Amino acid sequence: MQDQLIQNLKRLVQINSVNPDLSSAGQGEQEIAEFVCHHFQDLGIPSAVHTIKNDRCNTTAVLTGENPDNVLLMNGHLDTVGTEGMDNPFTLRRDGDKLFGRGTYDMLGGCAVQMGIATYFSRHPCPVTLAFTFVADEENLSMGMEHLVEHFIPTLPVKPMLGIFMEPTEEQIGISHKGFAWFEIEIEGVAAHGSRPEEGVNAIFPLGYVLKELEIINQELSEEKPDPYLGHSSLHPGLISGGTSQSVIASRAKLNWERRILPGESQGKLDAELQRVISVATNVPGNHQITGRKIFSRPSNEVEKNEIISKLKKISGDKEYSGMSYWADSALSTQSGIPSILFGPAGHGAHAIDEWVSADSLINTYEIIKNFILALNNK
Ligand SMILES: [Zn+2]
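Position 100 of the sequence shown, counting from 1, maps to 434 under my numbering, and the rest follow consecutively.
Quick look at the structure:
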């Protein structure tokens, strides 16, 4: 089976599935979605490609089990980040246990495992119904997962009892992950000649106060009680812009910051932070116009441990539960009523140029999930 998993991964890596909204080298997920769909069709498992828009596609497949009223959802994202700086990003290269190539770790490896699970259960009785899902755009705005939740999940006979998102977790069960929110503050002043500041209103000066306030809030967050799996929440300024020339009093300035959110942090808390930032900017002397807003956000994910999850934990070697710092599509799945966890292979270099997944871990992940599915027999 290991050879087959590696063969699946090799083909997945070969197809450029770079997210076109992140890199000009991206060609979308259509080709890879069709490849995955053919794999399932060749096994005799009903499968379909769902076009979200243009060349952005999901693939789904449903294998009906002996107990069709028990559904397990599996998920992987088909898109990868860009390949800038990599020599042969689309060629799988093996060096000992390491399988190098773009997406091997994040997360075509997990997709290859799903394909292997399908191969196995196309030949052996399966106690439950398996919903295999492969989505577009996880690395950007999750249009694939949103489409899946809206159009595919409702077509299943029942709501899945569990979602396994095969992001790389070093074979640990990711029981939670952080959410995030993006904020921006825009300051409008009045342009003037640099030698006559009294005729203008400098839009950049207030950003100093904004930055100071963000630093204070971040410090406060670092002093709160940490989440047992995820530590502290945080924020950081990520983008700053403004002004037109060194010799001109700037009439516009903008700062964007990101807030990483822990499970349990309320919307009210986030709104209050934004208000604090807006107030310090508003209180800066001068006739500035201040606009502050949230521009995008995604929820955190936290799943209550239950019998099914502890079964997977036992089968996976009873390692400690863990929390993932990064955001993943599983939050949207949990939000739709399917308790969703992260579980996938070990490796290194998500979004980096030296990305690899462990060949041994790939087969471990496959075996664990296969044995877990078989154990759902005697629930
Ligand atoms: Zn990922």
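Glycine residues also receive a C-beta, built at the ideal position from the N, C-alpha and C atoms.
In this text, all values refer to a predicted model and were calculated from it rather than measured experimentally.
| Asked | Found |
| --- | --- |
| Kindly give me the distance between the Cβ atoms of Thr463 and Leu397, rounded to whole angstroms, as I take these residues to be in contact under 8 Å. | 7 Å |
| Relative to ligand 1, is the shortest distance from any of its heavy atoms to the C-beta of Glu689 smaller than 7 Å? | no |
| Tell me which residues pass a beta-carbon proximity test against ligand 1: closer than 6 Å to any heavy atom, given in chain order. | His411, Asp440, Met441, Glu472, Glu501 |
| Residues in its own chain within less than 7 Å of Gln364 by CB, not counting five upstream and five downstream? | Asp389, Cys391 |
| Taking 6 Å as the limit between beta carbons, can you name the residues of its chain near Asn590, skipping five residues before and five after? | Glu518, Gly572, Leu573 |
| Are Ser328 and Phe499 close, meaning C-beta to C-beta below 8 Å? | As shown, the chain starts at 335 and ends at 713. That puts residue 328 outside it, with no answer to give. |
| Any C-beta of chain C sitting closer than 8 Å to the C-beta of Ala584? | Included in the structure is just one protein chain, with no chain C present. |
| List the endpoints of the continuous alpha helix (DSSP H) containing Cys305. | This structure cannot speak to residue 305, because the chain is shown only from 335 to 713. |
| Do Gly678 and Met441 have their C-beta atoms closer together than 8 Å? | yes |
| Residues in its own chain within less than 8 Å of Val618 by CB, not counting five upstream and five downstream? | Phe539, Pro540, Tyr543 |
| What residues in its chain sit with their C-beta under 7 Å from that of Ile379, if we drop five residues either side in the sequence? | Ala395, Leu397, Ala452, Ser456 |
| So Gln669 is in the beta strand (DSSP E); what residue range does that whole segment cover? | That residue, Gln669, is in no beta strand (DSSP E); its alpha helix (DSSP H) goes 664-669. |
| Distance, Cα to Cα, Met477 vs Ile386? | 8 Å |
| Assuming Asp663 and Met479 are in contact, meaning their beta carbons sit under 8 Å apart, how far apart are those beta carbons, in whole angstroms? | 4 Å |
| Can the beta-carbon of Ser631 be found less than 8 Å from the beta-carbon of Phe514? | yes |
| Which residues in the same chain have their Cβ closer than 6 Å to the Cβ of Lys647, if we skip the five residues on either side of it in sequence? | Ile507 |
| Kindly indicate which three-state DSSP category Arg428 falls into: helix, strand or coil? | strand |
| Quick one, which of Gly565, Ile687, Val582 has its alpha-carbon nearest Glu599's? | Gly565 |
| Please name the residue in Val535, Lys344, Trp516 whose C-alpha comes closest to that of Arg427. | Lys344 |
| Using a Cβ-Cβ cut-off of 8 Å (strictly less than) and excluding sequence neighbours within five positions of Asn640, which residues of its own chain qualify? | Pro673 |
| Just to confirm, are Ile649 and Ile521 a CB contact at a threshold of 8 Å? | no |
| Can you give me the C-alpha to C-alpha distance between Ser351 and Lys588, rounded to a whole angstrom? | 33 Å |
| For Asp403, report the span of its beta strand (DSSP E) as first-last. | 401-411 |
| Quick check: the Cα distance between Ile702 and Gln448, rounded to an integer number of angstroms? | 12 Å |
| Can you check which of these residues, Lys704, Trp690, Gln361, Leu696, is closest to Asp429 by C-alpha distance? | Trp690 |
| Which class does Val723 belong to by DSSP, given the choice of helix, strand or coil? | The requested residue 723 does not occur in the structure, where the chain is confined to residues 335 to 713. |
| When you compare only the Cα positions, how much space is there between Ser529 and Thr438? | 57 Å |
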